[in-house]
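Protein chains in written order, with my numbering: chain A, 82 to 400; chain B, 11 to 364; chain C, 7 to 393.
Structure first, commentary second.
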Amino acid sequence: MVAALNAALRDALEEDPRVLVFGEDVGRSGGVFRVTDGLQAAFGSSRVFDTPISEAGIAGAAVGLAFGGWRSVVEMQFDAFSYPALEQIVDHVAKMRERTRGRVDMPIVFRIPAFGGIKGKEHHGESPETFYVHTAGLKVVAPSTALDAYRLLRLAIDDPDPVMVLEPKARYWSKEDGELTVEGPGIGVGRVLREGDACTVFSYGAMVARCLEAAELLGGDGVQARVVDLRSLSPLDDGLIEGCVRETGRAVVVHEAPRTLGLGAEVAAIAMERAFDFLEAPVARVTGWDVPYPPAALEHRYLPSVQRIVAAVRRTVAY
Amino acid sequence: MTTPPEHWHGAAPLQLLAPDGSLADGADIELGDDELRAMLRWMMLARRLDRECIALQRQGELTVYPGFEGQEAAQVGSALALRPDDMVFPTFRELAAALVRGVDPVQYLAYHRGTWHGGPYDPRATRFGPICIPVATQIPHAVGFAMGQRLDQRAACTLTYFGDGSASEGDFHEAANLAAVFEAPVILFCQNNGWAISVPTADQTVGEIWRRAEGYGFPGVRVDGNDVLAVHRVTKEAAERASSGDGPTLIEALTYRIGAHSTADDPGRYRDDDEVESARAFDPIARMRAWLVARGVVDDELLAAWDEEIEADVLAIREGVIEQGAPPTEWMFDWTYAAPPPGLEQERQEALGG
Amino acid sequence: MAERVFSMPDLGEGLESGEVVAWLVAEGDTVVLNQPLVEVETEKATVEIPSPFGGVVMTLHASEGSGVRVGEPLVTFGDADREVGGGGSAGQPPPNPSSATAADRPPSGDVLPGPVTSASPSGTPVKATPPVRRLARGLGVDLSTVDASGAGGRVTVDDVRAAAGGSRSPREASVPRRTIAETLGRQAAIPQVTAFRTVDCEALEAFRGELGVSPLPVVIAALCRTVGEHPMLNAAWAEEGVTTRDEINVGIATDTERGLVVPVVHDAEGRGIAELASEIRRVAGAARDGSLAPADLVGATIAVSNTGSYGSEAGTPILSPGTSVTLAIGVIAPRALVVDGELVARPACTLSCTFDHRVLDGATVGRALTDLVTTLRDADRLGTLAR
């Protein structure tokens, strides 16, 4: 996935001379995860540059650069480190287009290595998506595979609206065969990764792989679960959620973020609002607990495991 | 001689025009008579409009309004030192600067009428950013914009206004540091008016604000913010530095907030009327008027004519403000996204009663 | 200049009222714009309110020391010639120059309806999943009367179906249902036979797609043309013998909640396909919501049933009263047909034509059906039907 993201940045910098890539350690050293490796050498330090440690300042500078017609691709080094920039993002990045009645737009991308599963230190495994999805004016995407990471990042950079790209760092080293292309599902569209009629499992980011694993196990027992990669958290593919619940009658949502007000709540609300008469069972949520993200030693007891996902699907199917 | 306000103590600010209207020795003003008249007239218009806005609020025509009486020279002097192409990122108290920069006051006041956030004027066309409420958050915007100007190799500068209170915010520090590191062609213009709502500057910060620049690695300047000539000069110099690629400047303009923080504030709860009366002795308009009259650049007849014109202008602005009604409901939905997601379209229909 | 009322403004961020501390003008005074009018005390401070108008102060609506709620009259201004005074109460004041914050009130938030429970007379809610509830509603089953066999005491789909059609507790037949049952009984007694034809619908599908209509109006138009050449299809058996009719009134068998209803499209032979389509829509809609006029229910001379709309391929429709022919149109779906000796996949359907054997014989109907099918199969012929 890192290579795909790197290629996406490279192609974007190549195609549009107004694209800038900046953040902490992204220039000379190519980023702590090497996502921006080689870009400064290729495009120069005017377009790909390191910044001081100033997340709020960096986000604010991106706003000012947007006033001048620049398209910033900002890296926040880790999920929790994006919080100092939260005010600039919520108060200005998200609102500037509306505030100026469309005269000043914010085509800014914030790339954030997000989610857990790497036995990281405190604050290095957060799921901040709810804060951003809840903020009108922002778009939020979370790829689950390398090829889709290329696609979503390219689309995000091209988008006239600001996009938060939450990259599942646990999947940074995953590989996928195929062509790097922007063709395919756009922002606002989910994709069905596995067909099935017994129950739909909705997920995104690093958990998608676990859902597919769970579906395989269930398939062995004759329970065919449909697996949907939501990939675009804002806007959500309401139509796909509705269609899947209509067709399978059952839904399980899987995410790392804590249960309360996680995306599971939104998917459940949509399923209920749009496909109430087709629900054969309550929508189940398999999520992180409502506690701060635990230390590495307990991570596996926090993150939705394949077993928890399988159990939830079974319960839902048996309801 | 009346005691100057508390927060003016410390290093002596640059002053060309003393409170009594006398010019400092060797001041060597290079401005033409027309420019000087413009300075005075703008300040007079600004003050009259500021008072009208307070009246409008008291009459229920504006929501909370933050006045700037006493700070006319700090805003007019600096705004006049900029060129048309330069960009300004204001806070919420810069109506005087907005007037000078050519922003339509009725559009600017839409913000305070509650009909639209930020003011519905076009920031790119007017080169004046949207009104910004969270203090200091506009400073990184200004720095970012200036960085972009440098990338585009434009010989222009960016100026951002903020107060003594804002200078405590993290965004100020981060922006100042970024400005230095990226040699941004930006002017960080602090109007130190002595008060951040009810907190006097002495409780806001210990060091003198202009000195911080040295810590970041660029020049800081202290100026008498009520001396329109001095403000104009230091801003012009900073603008030239910026546009010749010499990077940022921090200007601390010492001034005084004669009025309340806003119409929702009661300063009687935390400061003495005596202090305010003392501060009036340092009024920016009085000294400029006295000097220009003495110099023969303006006379009573001209001043009376200006008063009449200003009255008429302000009345027209009043009427323009009162005419403004609520915008159509759908405007809430029109500009949230470049292309609204389907869910938002449904909400729009619901909101419109469809 | 008319009277103008200045109401107590919202002086700060959600203020509800203010107390008049001191009037700075008196009734009868002429004041100018922004002249200090009154000192008002609020929770936050005492403020001086400047006059919003120039004019004569007619009435001061509150005395010093009394409170005025935001939005209530404070001062009435008027002409110099008008009577001054009038105490504290004014008539209905015209609206104040509206406060800037009085924008559209947001619509009240979405309130989800409360939980829908099918409570039994004793008041215990019934457990059932949404699809089960929907089924129960559709079948007219009161969930509280159904024995639940599902896990956790839940009523299941089977429970509902059993309750709907079970012999344990026969469901009261409604009046319309009984009438329909009696009529069908009589009609079934008529000697009737059904003939079947397969129709290659490729041309029909293309044709109707161009016109943007369903197959039904096209088939009816073609049927009218066929009846023109085979008028016996439009005849009826009567005591005195067989009566032929000139006008073609097509009964459209329509499925409704109350059972089968057959509204009539009168003078079908005089209507183009588009008109037929809209008339079909009208009567079908009215049939479903029970608003058919009596005139719409009588006079059928021939009947049509679009059984394909619920997936039926072929059938043996029962004759409608007053008619000798009922044509059922089966579902149009891909089929394996032999065309010019080759096996091809084509959209096709089966026409099931029941006829009154007292009026018609197999050969007559057979010839008529051949003509009908030929029309339906041929793009040129279809093109000659009135649009």
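All C-beta atoms, glycine included, are put in the ideal place defined by N, C-alpha and C.
Under the three-state reduction of DSSP output, Thr216 of chain A falls in the coil class, being neither helix nor strand.
Going by DSSP, Pro353 of chain C is part of the beta strand (DSSP E) stretching over Glu348 to Asp362. Spatial neighbours of Thr125 of chain B in its own chain (CB-CB distance under 7 Å, excluding positions within 5 residues in sequence) are listed in chain order as Gln334, Ala336 and Pro337.
Here the alpha carbon of Asp310 of chain A sits roughly 35 Å from the alpha carbon of Gly144 of chain C.
The region 341-359 of chain A and the region 14-22 of chain B do not touch, with fewer than 3 CB-CB distances between them shorter than 8 Å.
For Val324 of chain B, there is no enclosing beta strand (DSSP E); the enclosing alpha helix (DSSP H) has its first and last residue at Asp310 to Glu333. DSSP, read as helix, strand or coil, puts Val113 of chain B in coil.
If you compare the alpha carbons of C:Ala385, C:Val166 and C:Arg288 with that of Asp148 of chain C, the shortest gap goes to C:Val166. In this structure, Asp96 of chain B lies away from Leu27 of chain B, with their beta-carbon atoms at least 8 Å apart. Residue environment for Gln388 of chain A: exposed (fewer than 16 other C-beta atoms within 10 angstroms of its C-beta). Within chain B, Gln67, Arg68, Gly70, Thr273 and Ala274 have C-beta atoms less than 9 Å from the C-beta of Leu17 of chain C, given in sequence order. Closest by C-alpha distance to Arg184 of chain C, out of C:Pro136, C:Pro197, C:Gly265 and C:Pro223, is C:Gly265. For Ser272 of chain B, same chain residues with a beta-carbon under 6 Å away, outside a window of 5 residues either side, are Val74 and Pro76 in chain order. When CB distances to chain C are screened at a threshold of 9 Å, the residues of the region 252-271 of chain B falling below it are Ala270, in chain order. CA-to-CA, the gap between Val154 of chain A and Asp118 of chain A works out to about 15 Å. Beta-bridge analysis with DSSP links Cys200 of chain B to B:Phe172 and B:Glu262.
Boundaries for Trp220 of chain B: no alpha helix (DSSP H) harbours it, and the DSSP string shows neither H nor E there. Listed as beta-bridge partners of Asp310 of chain A by DSSP are A:Arg272 and A:Ser284.
Thr204 of chain C has C:Thr356 as its beta-bridge partners, per DSSP.
Contact between Gln121 of chain A and Val129 of chain A is confirmed by a C-beta separation of about 4 Å, below the 8 Å threshold.
Between Ile254 of chain C and Asn240 of chain C, the gap from beta carbon to beta carbon is short of 8 Å. Across the region 158-187 of chain A, CB contacts with chain B closer than 7 Å involve Glu168, Gln169, Asp172, His173, Arg178, Glu179, Arg180, Thr181, Arg182, Gly183, Arg184, Val185 and Asp186, in sequence order along the chain. Within chain C, no C-beta atom comes nearer than 7 Å to that of Leu90 of chain A; the closest sits roughly 41 Å away. For Gly278 of chain B, the chain C residues whose Cβ falls inside 9 Å of its Cβ are Ala51 and Thr52, in order along the chain. A straight line joining the alpha-carbon of Tyr383 of chain A with that of Pro277 of chain B spans about 53 Å.
In the three-state reduction of the DSSP assignment, His242 of chain B falls in the helix class.
Distance from the CA of Phe155 of chain B to the CA of Gly175 of chain B, rounded to the nearest whole angstrom, comes to 23 Å. Here the C-alpha atom of Arg182 of chain A lies approximately 20 Å from the C-alpha atom of Gln359 of chain B. For Val144 of chain A, the chain B residues whose Cβ falls inside 8 Å of its Cβ are Pro150, His151 and Gly154, in order along the chain. The C-alpha of Val205 of chain C is placed about 20 Å away from the C-alpha of Gly218 of chain C. A residue is called buried once 16 or more other Cβ atoms fall within 10 Å of its Cβ, and Gly149 of chain A is buried on that count.
For Thr136 of chain B, the closest alpha carbon among the candidates B:Met342, B:Val324 and B:Pro100 is that of B:Pro100. For Thr249 of chain C, same chain residues with a beta-carbon under 7 Å away, outside a window of 5 residues either side, are Ala241 and Ala242 in chain order. Comparing C-alpha distances from Gly234 of chain C to each of C:Asp273, C:Pro221, C:Thr260 and C:Thr82 shows the shortest one belongs to C:Asp273. Using a 10 angstroms sphere on the CB of Asp293 of chain B, the tally of other CB atoms reaches 16 or more, which defines it as buried. In summary, the residues of the region 352-382 of chain A whose CB is separated from some CB of chain C by less than 8 Å are Phe357, Asp358, Phe359, Leu360, Glu361 and Ala362, in the order they occur in the chain.
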